[in-house]
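Q:
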Amino acid sequence: REGALWGARFASGPSPELEALSRSTHFDWQLAAYDIAGSRAHARALAAAGYLDADELQAMLGALDRLEADVASGTFGPAPGDEDVHSALERGLIERAGPEIGGKLRAGRSRNDQISTLVRMLLRVHARTVSHLLVDLVDALAAQADRHFDAILPGRTHLQHAQPVLLAHHLLAHAWPLVRDLERLADWGRRADASPYGSGALAGSTLGLDATAVAAELGFSRVVENSIDGTASRDVVAEFAYIAAQIGIDLSRLAEEIILWNTREFGFVTLSDAYSTGSSIMPQKKNPDIAELARGKAGRLIGNLTGLLATLKGLPLAYNRDLQEDKEPVFDSIATLEVLLPAFTGMVATLHFDVERMAALAPQGFSLATDVAEWLVKRGVPFREAHEITGAMVRAAEVRQVGLEDIGDDELVAISPHLDPEVRSVLTVAGSVASRDNAGGTAPDRVREQLAALTERVRTL
Ligand code: ARG
């Protein structure tokens, strides 16, 4: 068969049904530039080992340059008969270098070690892109925290009013997981920094090629330790898909809050017109579609991960064609994050907070009750008793539909002799927030330090 990478031992060519199933060029063409880079490095290794003379190497590299230019300009592309990106590019090379020279390149390599290397190369490039986009989002959160440093948010547990916190503290609580995602990508990069090129189909090669030189030319600091592992493992791909899914989950949790905050009932934020959408029928609508798409795409990212894991489960060593299924999910995760993150960052950077409304709601729901209990503890009351006394205060206030600070002096003493008017000193939101000054607490001084620490962590990544 003309142009195919195999066929001599077959009496007939593949059926059209097989070709249609087998073909992967519609997604692995993304790897074309990496494949050509690999071919260049491999040609040099062949020449160094004496399999190409200097003229042949020059002819080979010249043809690869022309092929690369033709791929970049779209002049050369996959044909229906090409099984995958490797088959198409070998056809293109032979068209340019002739069968004599072009036919020498395949010695000592297999599509199995090629594909495993090329996917790592692509993922390493996109890990950097995604990291930059994540840093932008962390910066946007940090800038919002800084801009609204005095703003108070009703902190919640179980979605119920719990204790007031600084808005900055809450926003940074969304930034830290993203910082860890950045660290995960960096840590992943150390495992991805090993080249499988030279592993051959599974067992290595007899030709004595310098795999370390190939690895270095392709940007890897080392070669995989085991050729079977190098060609058959995809945990590096799955781990990337996991980090992408975790980023999706981290975005979706903030997205859900923005959706709630943007409701009339909450009224905590207004979205910029440039980062919200309208309704085709209801003229008044302004919808948080970016946040909703983030929430929805988190499901897609999780699906890509679980689909890939299911593909890998139970695969015997070494290479199996199932492994061709690794690419579409992880390529989709990359494309998803690279379109989602810039929009999400734009939405966050332009969020307008209604700080008066948040401050007005912060003391509601008896959110300062814990402050009363801890005030009692500081006066020597065991916490168990302090909890009960404060609970009785809440009940009394609830019955009269007033706040804790509205309970009169006589009533306080009636609830417990430990209570006196001085307790009102802790019944302010600002006092409550300022007094939570433990490490990692919401006191303004601690949050200032936290913001500086976050900025430093991102800077030294
Ligand atoms: N297209 C394959 C993949 O993506 C690589 C080629 C290996 N094919 C083979 N028949 N050994 O995994």
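Sequential numbering from 19 applies to the sequence shown in full-length UniProt numbering.
Note that CB positions come from ideal geometry on N, CA and C, so glycine has one too.
All of these numbers come straight from a predicted model, not from anything done at the bench.
(1) How do the segment 228–240 and the segment 165–182 stand: do at least 3 beta-carbon pairs fall below 8 Å, yes or no?
(2) Strictly by DSSP, which residues pair up with S295?
(3) Classify residue 548 as helix, strand or coil using the three-state DSSP reduction.
(4) Can you tell me where the beta strand (DSSP E) with I425 in it begins and where it stops?
(5) By the three-class DSSP mapping on this structure, what secondary structure does T147 have?
(6) Per DSSP, what kind of secondary structure is G458 in: helix, strand or coil?
(7) So is F258 buried or exposed if we call it buried at 16+ other beta carbons inside 10 Å?
(8) For Y260, I'd like the list of residues in its chain whose CB is within less than 7 Å of its CB, leaving aside the five on either flank, ordered along the chain.
(9) What is the DSSP secondary structure of Q342, counted as helix, strand or coil?
(10) Classify A207 as helix, strand or coil using the three-state DSSP reduction.
(11) Reducing DSSP to helix, strand and coil, say where G409 ends up.
(12) For the ligand ARG, any of its heavy atoms closer than 8 Å to the Cβ of I246?
(13) Here's the rule: buried if 16 or more other CB atoms are within 10 angstroms of the residue's CB, otherwise exposed. What is V431?
(14) If we count the other Cβ atoms within 10 Å of its Cβ and call it buried at 16 or more, is M376 buried or exposed?
(15) Cβ of I265 versus every heavy atom of the ligand ARG: is any distance shorter than 8 Å?
(16) Taking one C-beta from the segment 184–196 and one from the segment 386–401 each time, how about it: are there three or more such pairs within less than 8 Å?
(17) Taking DSSP's pairing of strands, which residues face P182 in a bridge?
(18) Quick one: what's T288 bridged to in DSSP?
(19) With S298 and P306 assumed to form a contact (beta carbons below 8 Å), what rounded beta-carbon distance in angstroms separates them?
(20) Using the C-alpha atoms, what's the distance from R413 back to E419?
(21) Taking only runs that begin and end inside the segment 28–53, name each unbroken alpha helix (DSSP H) of 4 or more residues, in chain order.
(22) What does the alpha-carbon distance come out to for the pair L75 and R62?
(23) Taking 8 Å as the cut-off, does the CB of D344 come closer than this to any heavy atom belonging to the ligand ARG?
(24) Would you mind working out which of H436, G409 and A193 sits nearest G398, comparing C-alpha positions?
(25) Measuring from the CB of D46, is there a heavy atom of the ligand ARG at a distance below 8 Å?
(26) Please specify which runs of the alpha helix (DSSP H), each continuous and at least 4 residues long, are wholly inside the segment 95–129, giving them in chain order.
(27) Name, in chain order, the residues that DSSP records as bridge partners for S213.
(28) Considering only heavy atoms of the ligand ARG, does any lie closer than 8 Å to the CB of I133?
(29) On the three-pair Cβ rule with 8 Å, is the segment 48–66 touching the segment 355–375?
(30) Within 10 angstroms of the Cβ of Q181, are there 16 or more other Cβ atoms? Answer buried if so, exposed if not.
(31) Determine the DSSP secondary structure at V399, reduced to helix, strand or coil.
(32) Thinking C-alpha only, which one of G296, A336, L330 and G248 is nearest L136?
(33) I'd like the list of long-range same chain contacts for L472, defined as Cβ closer than 8 Å, with 5 residues on each side in sequence excluded.
(34) Return the residue from the list D168, D88, A204 and K396 that minimises the CA-CA distance to A461.
(35) Excluding sequence positions up to five away, which residues of its chain have a Cβ less than 7 Å from the Cβ of G207?
(36) Which of the three DSSP states, helix, strand or coil, is assigned to S385?
A: Straight from the coordinates:
(1) no
(2) One-based indexing of the sequence shown puts residue 295 at position 277. Strictly speaking, residue 295 in this sequence is Thr, with Ser absent from that position. DSSP lists N305 as partners of T295.
(3) Outside the displayed span of the chain (19 to 479) sits residue 548, for which this structure offers no information.
(4) As a position in the sequence shown, residue 425 is number 407, starting the count at 1. Per DSSP, I425 belongs to no beta strand (DSSP E) and is neither H nor E.
(5) Residue 147 sits at position 129 when you count from the first residue of the sequence shown. Note: T147 maps to helix in three-state DSSP.
(6) Mapped onto the sequence shown, residue 458 falls at position 440. The DSSP-derived three-state label of G458 is coil.
(7) As a working mapping, residue 258 is identified with position 240 in the sequence shown. F258 is buried by the Cβ-count criterion.
(8) Within the sequence shown, numbered from 1, the residue matching residue 260 stands at position 242. Taking Y260 as the centre and dropping the five residues before and after it, the same chain places the C-beta of L323 closer than 7 Å to its C-beta, in chain order.
(9) As a position in the sequence shown, residue 342 is number 324, starting the count at 1. Three-state DSSP puts Q342 in a helix.
(10) Within the sequence shown, residue 207 is the residue found at index 189, counting from 1. Ala is not the amino acid found at residue 207; the sequence shown has Gly there. Three-state DSSP puts G207 in a helix.
(11) Within the sequence shown, the letter at position 391 stands for residue 409. G409 falls in the helix class under three-state DSSP.
(12) Counting from one through the sequence shown, the residue named residue 246 turns up at place 228. Incorrect: I246 has no Cβ contact closer than 8 Å to the ligand ARG.
(13) On the sequence shown, residue 431 is found 413 positions in, with the first residue counted as 1. Exposed, since its Cβ has fewer than 16 Cβ neighbours within 10 Å.
(14) Your numbering for residue 376 matches position 358 in the sequence shown. Burial call: buried.
(15) Position 247 of the sequence shown, counted from the start, is the residue given in the question as residue 265. Outside the cutoff, so no.
(16) no
(17) The residue given as residue 182 occupies position 164 in the sequence shown. P172.
(18) For the purposes of this step, residue 288 is identified with residue 270 of the sequence shown, where counting begins at 1. Paired residues: H370.
(19) Taking the first residue of the sequence shown as 1, we reach residue 298 at position 280. Taking the first residue of the sequence shown as 1, we reach residue 306 at position 288. Going by Cβ atoms, the distance from S298 to P306 rounds to 16 Å, so no, they are not a contact pair.
(20) In the sequence shown, counting from the first residue as 1, residue 419 sits at position 401. In the sequence shown, counting from the first residue as 1, residue 413 sits at position 395. Residue identity differs from the one stated: residue 419 is Gln in this sequence, not Glu. Distance from the CA of Q419 to the CA of R413, rounded to the nearest whole angstrom, comes to 9 Å.
(21) 34–40 and 43–46
(22) Taking the first residue of the sequence shown as 1, we reach residue 75 at position 57. Taking the first residue of the sequence shown as 1, we reach residue 62 at position 44. If I take the Cα positions, the gap works out to 7 Å.
(23) The residue you call residue 344 lines up with position 326 of the sequence shown. D344: yes, Cβ under 8 Å from the ligand ARG.
(24) Counted from its first residue, the sequence shown places residue 398 at position 380. Residue H436 is the option with its Cα nearest to G398.
(25) Numbered from 1 along the sequence shown, position 28 holds the residue referred to as residue 46. Yes.
(26) 103–120
(27) By one-based count along the sequence shown, residue 213 stands at place 195. V241, per the DSSP bridge assignment.
(28) Here residue 133 corresponds to residue number 115 of the sequence shown, with the count starting at 1. Yes.
(29) No: the two stretches stay apart, fewer than three of their Cβ pairs being nearer than 8 Å.
(30) On the sequence shown, residue 181 is found 163 positions in, with the first residue counted as 1. Classification of Q181: buried, given that the 10 Å Cβ count is 16 or more.
(31) Position 381 of the sequence shown, counted from the start, is the residue given in the question as residue 399. Coil, per DSSP.
(32) In the sequence shown, residue 136 corresponds to position 118, counting from 1. It is G248.
(33) Taking the sequence shown and counting its residues from 1, the one referred to as residue 472 is at position 454. The answer, listed in chain order, is V156, A160, L190, A193, W194 and V197.
(34) The count along the sequence shown starts at 1 and reaches residue 461 at position 443. Nearest of D168, D88, A204 and K396 to A461, Cα basis: D168.
(35) Position 189 of the sequence shown, counted from the first residue, corresponds to residue 207. Counting only Cβ-Cβ distances below 7 Å, and skipping sequence neighbours, we find R142 and A145.
(36) As a working mapping, residue 385 is identified with position 367 in the sequence shown. Coil, per DSSP.
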